[in-house]
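Chemist: Residue numbers (this note's numbering): 250 to 758.
(1) Does the separation of the CB atoms of residue 381 and residue 292 fall below 9 Å?
(2) Could you name the residues of the same chain whose beta carbon sits closer than 7 Å to that of residue 363, not counting the 5 residues immediately before and after it, in chain order?
(3) Taking the alpha-carbon positions, what's the residue 644 to residue 658 distance?
(4) Kindly indicate which residue of 472, 567, 551, 663 has the alpha-carbon position closest to the one of residue 333.
(5) Less than 9 Å separating the beta-carbons of residue 331 and residue 377?
(6) I'd like the span of the alpha helix (DSSP H) that includes residue 595, first residue to last.
(7) Would you give the residue range spanned by the alpha helix (DSSP H) that residue 395 belongs to?
(8) So, helix, strand or coil for residue 355, using DSSP?
(9) Tell me, to the nearest whole angstrom, how far the beta carbon of residue 418 is from that of residue 439; I am working on the premise that it is less than 8 Å.
(10) Using three-state DSSP, classify residue 544 as helix, strand or coil.
(11) Could you tell me if residue 257 is buried or exposed, where buried requires 16 or more neighbouring beta carbons within 10 angstroms of its beta carbon?
(12) With a 10 Å radius around its C-beta and 16 neighbouring C-beta atoms as the bar for buried, classify residue 517 as buried or exposed.
(13) In terms of residue numbering, what span does the alpha helix (DSSP H) encompassing residue 367 cover?
(14) State the DSSP-derived secondary structure class of residue 679, mapped to helix, strand or coil.
(15) Do the CB positions of residue 283 and residue 505 come within less than 9 Å of each other?
(16) Is residue 404 helix, strand or coil by DSSP?
(17) How should residue 402 be labelled, buried or exposed, when 16 other C-beta atoms within 10 angstroms of its C-beta is the threshold for buried?
(18) If distances are taken between C-alpha atoms only, which option among 379, 384, 551, 405 comes closest to residue 687?
(19) Name the two residues that bound the continuous alpha helix (DSSP H) containing residue 501.
(20) In angstroms with no decimal places, state the Cα-to-Cα distance between residue 409 and residue 260.
(21) Using three-state DSSP, classify residue 257 as helix, strand or coil.
(22) Whose C-alpha, out of 411, 673, 273, is nearest the C-alpha of residue 423?
Spelled out as structure tokens, the structure:
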């Protein structure tokens, strides 16, 4: 399990690093003005649907069922099941694409009502979204292929696929002079990436002998059971995405640049979520599904506990850094070209607000795995929708005084409600034990985080004065110093609090 986590995490880290390079180009070329806001709307719309129907609901329902059919009845039955799901999935996505293209002006009016006062910005958002929306169809098929490969313990291509999105957008942005504008270049980069990711995953699935083909859809017991699980999972994913839709809708009424601040803050916040939370959750779900199919309940429980430890070990440093030195991080990463230091300060405050919810963001995939592996997609929905209700209510309450920072704070609060309810449901069902060992581990991680935050804060105060005379690369140098000090302090804290034996057992397990 550890090797597979590092495979997924390693490729995801490479994806995030190339993503930062892409975002640096976006910030320098598009800045944080009306064109950038229009593009981010065009990027968010297919991504919202992808999170609802593909990576969110579909994976939660499909992976456990595919693993169960493959483990219980063999490859031939699993192939037939995948063929039928593939046919239904492709048909539904083609219909959705046609409807979206036809009603795109109405969709943008709903998603970005604040653009109504600027006809040019609204027109640009419609045109860019028509370019990016087919990405949804392609990435949905990528998700299907990736889920099948993950069950076969082939994680590399699915984890590496997002790298194509970053490379494609960087290439088209570099060639922006050949497009009507930089926004169009970025949008075409998204669509081209969809084709590249599709061919990568389809090729891997074909080499593995599991590439699905068209089959006459039949609602046999496997397909009906899949859709019974898909329904609640879709509702849960839809609730989460409705909260993100609310961010986009509300931010369009804020001054220009609010959407961009949310985007860049979320991009940094997504680094630990993707590299740690999603990577571990991606490996954990088929692992728990396999163990539960074999009636190895203790092994499934141990795998989840180990996932929690890994998640906290690697995510606590990000929480400490984002809360204490988010302004330095934003300046070092993005403050160049059209993206000013004032833009970086605004995005940094937003990042600090997101960081308050980073622990539940990274842990939720591992927490819900115990339900999804048991083919229970309904229980996590109750937690998710409750969290969404709190999230949206707080958005409305906080946006007036805090602008996009209030939106980020509301998102963090909703994430905590979601995670705590999922854990409570798991404990009540007997899927998780909140024993002394787990509580003691949580306390030690909290202490390590506080020590690291203090060290980063003191180092930042020292660096601000020491590097004040530098005319170039001052923020970059300060960030490198913070990384070095932070790595040393956190590693020492973990060794002192947990001991080498705990770390050895964690890595060996």
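Even for Gly, the Cβ is constructed at its ideal location relative to N, Cα and C.
Modeler: Quick look at the numbers:
(1) yes
(2) 501, 502
(3) 8 Å
(4) 472
(5) no
(6) 590 to 604
(7) 383 to 400
(8) helix
(9) 7 Å
(10) coil
(11) buried
(12) buried
(13) From DSSP, residue 367 is part of no alpha helix (DSSP H); its letter is neither H nor E.
(14) coil
(15) yes
(16) coil
(17) exposed
(18) 551
(19) Taken as a continuous stretch (DSSP letters only), residue 501 belongs to no alpha helix (DSSP H), as it is neither H nor E.
(20) 5 Å
(21) helix
(22) 273
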